[in-house]
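Worksheet: one structure, shown below.
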Amino acid sequence: MTLKVLFAVVNVSLVIVYAFGSGLWVSTGGAFYRSLVRPFWQPPDWVFGIAWPYNFAVLIAAGVAVGVLASTPQRLWWTGLFAFSVVAALLWARLFYVSQDLPGATVALGLAGVLTVPLVVIAWQTRPWAGLVLLPYQVWLVVATSLSAGYWALNRG
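Letter by letter, the sequence shown follows residues 88 to 244 in my numbering.
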């Protein structure tokens, strides 16, 4: 296996961990989540069903493109930042739904969003289409962080 293929496989594996890991903790049907006052800008549930498959698909596509086509330093930066971003996003799911720590969850998701900015740049430098397809994911993280902050503000105490 070449180094390029190894990076691509690692990036696909990170998306799989992200998808399955978040599935373990995200529970919108639970009593805790249903008891929360929702921010007025919360999208309808069906939007999440469209956004997440798109997000995971473009993370795979961009990750494979970077893994195969980018320089070795860019691959290393991408993979490291992406791994930390996935950890932060999974930490958000755990903190929000399991620990019910809304402030901590908001910080974790904000960190995931910040870590994604250089991913978009690296993807764009590798292939402009790869950066472009990640922009909706970046916007999604910003909106999700604002929602998390909204839940925190509306449900203190």
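Just so you know, even glycine gets a beta-carbon here, dropped at the ideal spot from N, CA and C.
Ser109: member of the alpha helix (DSSP H) spanning 90 to 112, first to last residue. Contact between the region 120 to 139 and the region 229 to 243 is present, with at least three C-beta pairs closer than 8 Å. Comparing alpha carbon positions, the residue from Trp211, Gly218, Arg214, Tyr224 closest to Leu196 is Tyr224. In the displayed model, Leu163 falls within a helix according to three-state DSSP. Ranked by Cα distance from Pro190, the first of Thr213, Arg214, Trp179 is Trp179. Per DSSP, reduced to three states, the secondary structure at Trp128 is coil, with no helix or strand assignment. Comparing C-alpha distances from Thr166 to each of Val153, Gly108, Val201, Ala144 shows the shortest one belongs to Val153. Cβ-Cβ separation between Ala106 and Phe143: approximately 5 Å, consistent with a contact (criterion under 8 Å). The closest CA to that of Val99, considering only Trp164, Leu146, Val194, Met88, is found on Leu146. In this structure, the beta-carbon distance from Phe169 to Leu228 does not fall below 8 Å. Its Cα nearest to that of Ala192, the residue Ala176 stands out among Leu202, Val92, Ala176.
Nearest neighbour of Gly117 by Cα position, chosen from Val226, Val208, Gln187, turns out to be Gln187.
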